[in-house]
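Engineer: Line by line, the protein sequences give chains Y and G.
One gets this note's numbering by counting positions in the first sequence from 1 and adding 1 to each.
One gets this note's numbering by counting positions in the second sequence from 1 and adding 1 to each.
Even glycine gets a Cβ: it sits at the ideal position worked out from N, Cα and C.
Small disclaimer: the values here were computed from a predicted structure and weren't measured.
Below is a structure I'd like to ask you about.
2 protein chains.
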Amino acid sequence: MKKAVVLLSGGLDSTVCMSVAASQGYELYPISFNYHQRHSRELNSAKAVAHYYKVKKHLIIETNMDAIGGSALTDSATAVPDGDVERNDIPVTYVPARNLTFLSYALGYAEVTGAERIFIGVNSLDYSGYPDCRPEFIALFQKVADYSTKAAVQDKREIKVETPLINLSKKEIVQLGTKLGAPLKFTTSCYRGGEAACGKCDSCLLRLKGFSEAGLTDPILYDYRGEQ
Amino acid sequence: MKKAVVLLSGGLDSTVCMSVAASQGYELYPISFNYHQRHSRELNSAKAVAHYYKVKKHLIIETNMDAIGGSALTDSATAVPDGDVERNDIPVTYVPARNLTFLSYALGYAEVTGAERIFIGVNSLDYSGYPDCRPEFIALFQKVADYSTKAAVQDKREIKVETPLINLSKKEIVQLGTKLGAPLKFTTSCYRGGEAACGKCDSCLLRLKGFSEAGLTDPILYDYRGEQ
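What follows is the structure in structure tokens.
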């Protein structure tokens, strides 16, 4: 059975990405990170999603990325701002080199498990402007990946990065996940990580917009729904 | 004062690399990894070297890379073989995607500290054949790095990877470190990590060859010096 490593944060996008990999018949090897992020709610969501898909193993990488700092998502002294998805600058929720680091671990894991694909739910339309979510970044990562492993260099084994959501709007991501039966009720998107989503941060705003435009009800609990 | 992040394993190469960065006038920001490697001796060496250079901060990243496995250096069930530096295949001491992962952390750290350089002591002459020590790998990493950070994309701030040892022989590395006063007596190269170096693994063989060809005595303790 062909195998795929799936980067699973426990958010909407990575969960829909997981459902795409499942629908294509891959044996799923999800990898998640406890990088001392602001809240562990997201990681609990990842565990619930992995359990839903009855995976053989859910790899959780532990790392003190908060020791690097530089982000509202790892530094509790920096507040998560209310969302402003129209702005042009990169927000304080950006985590330095996070996707590069996570993809590097995923590459090592794909090499060891014999996976031929790495699925990552990056999205460059309805997103927060992070540089490491863009197609150019993924294309360049693929190039360095093809040069950096024993699998690629010695065994001529391809490990390809798949980004099925990269050109989808949030509306289309919600529609795709719904069609594929992704367990969206288990997901956490809110940057603030309370028991109920705040409905105000960038991530909540984008998610709510997606459900609204798809004409669907978001199954998770919100503290406040803003304009909804 | 210009700043540099230095990947410091505590081995010979990274310590000489640190001495090169110091000689070029950089304020040093060493980063080391407790990745659940076979032995902690190397990390203690890194701490001693960082202390020798009186750095303001020595960042130690903790991560359970052993959960990925696939290497004799993280899996205690896989024995470290005696060295054979003439062979052509990549040995079991290769750690999947390690340099890619470590450089990714270093990139994030350079972004946060405002460092303009990342120094890494990779070497493609007297080495174990690891794919992620070659110039092509470094050049491709640089390309993805230039696309993946807020520093590069928004602030147009260059973070350049420096590899001062990449084309040096072990003999030349030993000579350079000696000239620059690198504290070679604190370093650990042996893959087996005993109190005394084994003198037999790839890493010991290459190191001993370097000192021998340079006509210098290696200041560390060996259990067995082979042909020395």
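1) To the nearest angstrom, report how far apart G/T150 and Y/D85 are at their CA atoms.
2) Drop a sphere of 10 angstroms on the beta-carbon of Y/G216, count the other beta-carbons inside from all chains shown, and report buried for 16 or more, exposed for fewer.
3) Is any beta-carbon of chain Y found at less than 8 Å from that of G/E87?
4) Compare the C-beta of Y/S41 against all C-beta atoms of chain G and say whether one is closer than 8 Å.
5) Ignore the nearest five residues each way along the sequence and tell me which others in G/T218's own chain have a CB closer than 7 Å to its CB.
6) Kindly indicate the opening and closing residues of the beta strand (DSSP E) around Y/A5.
7) Please decide whether G/L108 counts as near chain Y, where near means a Cβ-Cβ distance under 8 Å.
8) Starting from the beta carbon of G/F212, find every residue of chain Y whose beta carbon is closer than 9 Å, and list them in chain order.
9) Could you tell me if G/L181 is buried or exposed, where buried requires 16 or more neighbouring beta carbons within 10 angstroms of its beta carbon?
10) Could you tell me which chain Y residues have their CB closer than 8 Å to the CB of G/K138, listed as they occur along the chain?
11) Apply the 10 Å Cβ neighbour rule to Y/N100 and answer buried if 16 or more other Cβ atoms are within range, or exposed otherwise.
12) Examine the Cβ distances between the stretch 162-182 of chain G and the stretch 156-173 of chain Y and report whether three or more of them are shorter than 8 Å.
13) Compute the beta-carbon to beta-carbon distance between G/T64 and Y/E112, rounded to the nearest angstrom, for a pair I have assumed lies under 8 Å.
14) I'd like the ranges of any alpha helix (DSSP H) spanning at least 4 consecutive residues and lying wholly in the stretch 8-82 of chain G.
15) For G/V81 versus G/A73, is the C-beta distance shorter than 8 Å?
16) Compare the C-beta of G/F142 against all C-beta atoms of chain Y and say whether one is closer than 8 Å.
17) Below 6 Å CB to CB, which residues in the same chain sit around G/L222 once its five sequence neighbours on both sides are set aside?
18) Provide the residue span of the alpha helix (DSSP H) that contains G/K171, from first to last.
19) In whole angstroms, what is the alpha-carbon distance linking Y/L8 and Y/I119?
20) Going by DSSP, what residue range makes up the beta strand (DSSP E) through Y/I119?
21) Evaluate the contact criterion for the stretch 33-48 of chain Y versus the stretch 142-156 of chain Y: three or more CB pairs, one atom per stretch, below 8 Å.
22) Apply the 10 Å Cβ neighbour rule to G/Y203 and answer buried if 16 or more other Cβ atoms are within range, or exposed otherwise.
23) Quick one, are the C-beta atoms of Y/V50 and Y/L29 less than 8 Å apart?
24) From the DSSP output, which residues share a beta bridge with Y/K161?
25) Report the partner residues of Y/Y223 according to the DSSP bridge assignment.
26) Looking at chain G, is there any beta carbon in it that lies within less than 8 Å of the beta carbon of Y/N65?
Structural biologist: The structure says:
1) 20 Å
2) Its Cβ having fewer than 16 others within 10 Å, Y/G216 is exposed.
3) no
4) no
5) Correct list, in chain order: F212.
6) 4-8
7) Between G/L108 and chain Y, the shortest Cβ-Cβ separation is below 8 Å.
8) Residues of chain Y passing the Cβ test: none, with the nearest at roughly 29 Å.
9) It counts as exposed.
10) Here residue 138 of chain G is Phe; the residue named in the question, Lys, does not match the sequence. Near G/F138 (Cβ distances below 8 Å), the residues of chain Y are V145, Y148, S149.
11) With 16 or more other Cβ atoms within 10 Å, it is buried.
12) no
13) The C-beta distance from G/T64 to Y/E112 rounds to 17 Å, too long to meet the 8 Å contact threshold.
14) Scanning the stretch 8-82 of chain G for uninterrupted alpha helix (DSSP H) segments of 4 residues or longer gives 13-24, 42-53, listed from N- to C-terminal end.
15) yes
16) yes
17) A197
18) Taken as a continuous stretch (DSSP letters only), the alpha helix (DSSP H) holding G/K171 covers 171-180.
19) 8 Å
20) 118-120
21) no
22) Per the sequence presented here, residue 203 of chain G reads as Asp, with Tyr not at that position. Burial call: buried.
23) no
24) Y/R118
25) Y/A198
26) yes
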